[in-house]
Amino acid sequence: MTSKDDVLSVSVWRQTDDETGTFQQFDVPRQESQTVLDIVSYIQQNLDSTLTYRFACRVGMCGSCAMMVNGEPRWTCRTHVQKAAVDGKLQIAPLRNLPVIKDLVTDMDPFFDKWTKAEGVHHPSATRHDAIVPVDTTTAQRTIANEGIECINCAICYAACDTVSGNGDYLGPAALQRAWTLVNDERDGGHETVLDAVSQNDGCHNCHSMGSCTHYCPNELNPMKAIAGLKRETAKSWLKW
Amino acid sequence: MKKPARTHRLWLAYMLHRLSGIGLVLFLPIHFWLLSLALTDRAAMADALQFTAHPLVKIAEYGLVFLLAVHLFGGVRLLVLEWARPVSNRWTDVHKTLAAFAVALAFAVSTLFFLRAL
Ligand code: HEM
Ligand code: SF4
Ligand code: SF4
Ligand code: FES
Chain A
2 MTSKDDVLSV SVWRQTDDET GTFQQFDVPR QESQTVLDIV SYIQQNLDST
52 LTYRFACRVG MCGSCAMMVN GEPRWTCRTH VQKAAVDGKL QIAPLRNLPV
102 IKDLVTDMDP FFDKWTKAEG VHHPSATRHD AIVPVDTTTA QRTIANEGIE
152 CINCAICYAA CDTVSGNGDY LGPAALQRAW TLVNDERDGG HETVLDAVSQ
202 NDGCHNCHSM GSCTHYCPNE LNPMKAIAGL KRETAKSWLK W
Chain B
2 MKKPARTHRL WLAYMLHRLS GIGLVLFLPI HFWLLSLALT DRAAMADALQ
52 FTAHPLVKIA EYGLVFLLAV HLFGGVRLLV LEWARPVSNR WTDVHKTLAA
102 FAVALAFAVS TLFFLRAL
């Protein structure tokens with residue numbers, strides 16, 4: 002016999018066409034140490050094989066499994082049901098602020114396009130023929146750069162940000178944090194280019210410092226702090242000019 | 002679809018800042034119009050000031066002073082957040098504390114004002 006505690010009531014977003022969708026109800030048996038991703042996998046494997054979702058590493062490395070769980074953006078592979086469920090209920094939806102391809106899968110293109118737009122790419126300062134210059138990991142600037150390098154591109158911060166929902170062109174916390182990391186990386190040869198890119202209309206000065214990005218980042222990074230750094234540096238280089 | 006939870010402190014501080022900003026935009030024109038009466042129509046101003054003796058108006062003033070104070074202190078907090086180089090590695094905690102201080106200070110200022118107005 003199963004009691005109410007042994008079954009979780011899960012409502013999952015199903016895309017019905019390009020524009021909309023609806024929540025579908027599933028009852029999923031509870032297990033110990035179950036993650037939200039386990040729940041989604043269980044539904045796909047046992048209850049409805051047409052459910053579409055995305056994951057890869059299952060250990061919080063790849064950044065592909067993020068979804069809205071009871072209204073909050075989370076990495077589902079490292080989120081325990083026990084922590085996320087409210088009154089034995091779970092609502093699972095695709096990540097906010099991104100177009101939905103199908104069910105729980107969002108189109109991440111706008112997110113990654115903005116990394117490029119923010120010049121979040123390496124700008125070489127040397128060639129393969131130059132000697133490798135060791136990086137001093139103890140300098141203040143390297144410490145700042147290190148603060149942002151553990152980003153796994155999961156777009157959780159991007160989904161949490163109300164400024165992104167208000168302005169679809171805003172570069173968003175992850176791309177801007179990447180830009181700030183590069184500005185503090187002595188190996189990068191494009192500091193001016195990056196500062197230029199992030200001070201455009203849809204850049205760092207859109208941020209209202211509401212800190213939802215920092216609040217939700219599963220790796221405990223601080224995009225809000227990085228963006229404040231960009232605001233200072235871009236203003237400084239503007240004053241110099 | 003359910004919106005993400007926004008009940009964390011810095012988001013609430015952001016919303017309070019926005020609402021107080023809007024409140025000020027709505028209130029200040031009335032305030033300046035009233036002050037302008039001192040130059041253009043003193044009798045009308047005396048009438049209008051009569052109106053401020055009403056307890057409800059006093060409570061409304063309490064709210065307005067709170068809005069101004071919370072916008073000022075909260076605005077200074079934001080300027081510090083964005084323009085001062087971070088000194089602590091518990092930066093977010095520091096700013097949560099500062100946000101709470103801004104509200105507390107605004108509350109103290111507006112309460113003092115209210116007590117004096119009574
Ligand atoms: C007393 C000194 C003041 C300070 C230090 C201050 C500071 C600030 C700052 C830093 C912001 C940007 C907040 C953000 O990025 O979200 C802001 C926004 C704003 N302020 Fe002020 N302000 C002051 C007075 C006023 C006054 C008198 C008014 C009304 C006429 C006003 C209306 C607004 C409005 C409407 C916003 C936009 C709010 C938003 O975008 O969320 N402020 N203020
Ligand atoms: S601090 Fe800036 S980037 Fe982060 S959630 Fe708020 S507006 Fe978005
Ligand atoms: S900053 Fe954090 S939340 Fe944002 S993409 Fe990187 S790891 Fe994910
Ligand atoms: S599956 Fe890779 S981070 Fe969750």
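These protein sequence lines are chains A and B, in that order. Start counting the first sequence at 2; every next residue gets the next number (the numbering used here). Start counting the second sequence at 2; every next residue gets the next number (the numbering used here). For each residue, glycine too, the CB sits at the ideal point set by N, CA and C. This one's a predicted model, so the numbers in the text were calculated from it and none came from an experiment.
Rounded to whole angstroms, what is the Cα-Cα separation between residue i and residue j?
i	j	result
Phe27/A	Glu20/A	23 Å
Cys205/A	Val70/A	28 Å
Ala107/B	Leu50/B	25 Å
Val37/A	Arg31/A	11 Å
Ala85/B	Asp186/A	21 Å
Gln46/A	Pro100/A	25 Å
Glu62/B	His9/B	29 Å
Asp49/A	Thr17/A	15 Å
Pro224/A	Cys63/A	19 Å
Thr41/B	Leu35/B	10 Å
Leu119/B	Leu113/B	10 Å
His216/A	Ala229/A	15 Å
Gln245/A	Val8/A	No answer is possible for residue 245/A: it lies beyond the span of chain A, which begins at 2 and ends at 242.
Ala103/B	Tyr15/B	12 Å
Arg97/A	Glu33/A	29 Å
Val81/B	Ser200/A	20 Å
Lys84/A	Val122/A	36 Å
Lys241/A	Cys66/A	43 Å
Gly72/A	Cys162/A	13 Å
Lys115/A	Thr182/A	15 Å
Glu234/A	Ala100/B	24 Å
Ile60/B	Val11/A	47 Å
Thr51/A	Ala86/A	24 Å
Thr194/A	Ala236/A	14 Å
Thr138/A	Asn147/A	9 Å
Pro87/B	Gly167/A	28 Å
Leu29/B	Arg43/B	20 Å
Ile245/A	Gly169/A	The question about residue 245/A has no answer here: the residues shown for chain A are numbered 2 through 242.
Ignore the nearest five residues each way along the sequence and tell me which others in residue i's own chain have a CB closer than 6 Å to its CB.
i	result
Gln35/A	Val82
Val95/B	Ser89
Gln178/A	Gly149, Pro224, Ala227
Ala45/B	Leu38
Tyr171/A	Thr164, Val165, Asp203, Asn207
Val110/B	Ala70
Val29/A	Leu9, Val11, Ile40, Tyr43
Leaving aside the five residues before and after residue i along the sequence, list all residues of the same chain whose C-beta is less than 8 Å from its C-beta, in chain order.
i	result
Arg79/A	Thr36, Val60, Gly61, Pro219
Leu73/B	Ala107
Leu17/B	Val71, Gly75, Val104
Indicate the three-state DSSP secondary structure (helix, strand or coil) for residue i in the structure shown.
i	result
Ser297/A	As shown, chain A starts at 2 and ends at 242. That puts residue 297/A outside it, with no answer to give.
Thr53/B	coil
Pro125/A	coil
Met211/A	coil
Arg31/A	coil
Met46/B	helix
Arg7/B	coil
Pro224/A	helix
Leu65/B	helix
Glu187/A	coil
Glu193/A	helix
Thr235/A	helix
Phe56/A	coil
Val82/A	helix
Met62/A	coil
Glu83/B	helix
Within a Cβ cutoff of 7 Å, which residues of the same chain sit near residue i, ignoring the five residues on either side of it in sequence?
i	result
Cys42/A	Per the sequence presented here, residue 42/A reads as Ser, with Cys not at that position. Excluding sequence neighbours, Ser42/A sits near nothing in its chain.
Val58/B	Phe52
Ser238/A	Leu196
Met2/A	Confidence is the limiting factor: at Met2/A the pLDDT is only 45, short of 50, which leaves the residue's position unreliable and the question unanswerable from this model.
Gly190/A	His124, Pro125, Ser126
Leu68/B	Ser21, Gly24, Leu25
Pro159/A	Correcting the residue identity first, residue 159/A is Tyr in this sequence and not Pro. Closer than 7 Å at the Cβ level, and outside the excluded window around Tyr159/A, lie Asn98, Phe112, Val165, Gly173, Pro174, Ala175.
Glu151/A	Asn220, Leu222
Cys90/A	The identity of residue 90/A in the sequence shown is Lys, whereas the question assumes Cys. So the list reads Ser10, once near-sequence residues are dropped.
Leu120/A	Position check: residue 120/A holds Glu in this sequence, whereas Leu was assumed. Contacts found: Ala180, Gly191, Thr194, Val195, Ala198.
Throw me the rounded Cβ distance for the residue i and residue j pair, which I believe falls under 8 Å.
i	j	result
Thr53/A	Asp104/A	4 Å
Arg188/A	Val136/A	7 Å
Leu231/A	Ala180/A	6 Å
Met109/A	Ala156/A	6 Å
Val165/A	Gly173/A	5 Å
Glu83/B	Ser210/A	6 Å
Ile93/A	Val13/A	5 Å
Leu13/B	Lys97/B	Contact doesn't hold; Cβ gap of about 10 Å is too wide.
For residue i, decide whether its Cβ has a neighbour in chain E, counting only Cβ atoms nearer than 8 Å.
i	result
Thr93/B	Given the protein chain composition of this structure (A and B), no chain E is represented.
Which residues, in chain order, sit with a beta-carbon under 7 Å away from any heavy atom of ligand 1? Qualifying residues come out as His209/A, Ser210/A, Tyr15/B, His18/B, Arg19/B, Gly22/B, Ile23/B, Leu25/B, Val26/B, Leu29/B, Leu69/B, His72/B, Leu73/B, Gly76/B, Val77/B, Leu79/B, Leu80/B.
Quick check on the contact list: which residues have their beta carbon closer than 7 Å to a heavy atom of ligand 4? Cβ atoms closer than 7 Å to ligand 4 belong to Leu38/A, Phe56/A, Ala57/A, Cys58/A, Arg59/A, Val60/A, Gly61/A, Met62/A, Cys63/A, Gly64/A, Ser65/A, Cys66/A, Trp76/A, Thr77/A, Cys78/A, Arg79/A, Ile153/A, Cys155/A.
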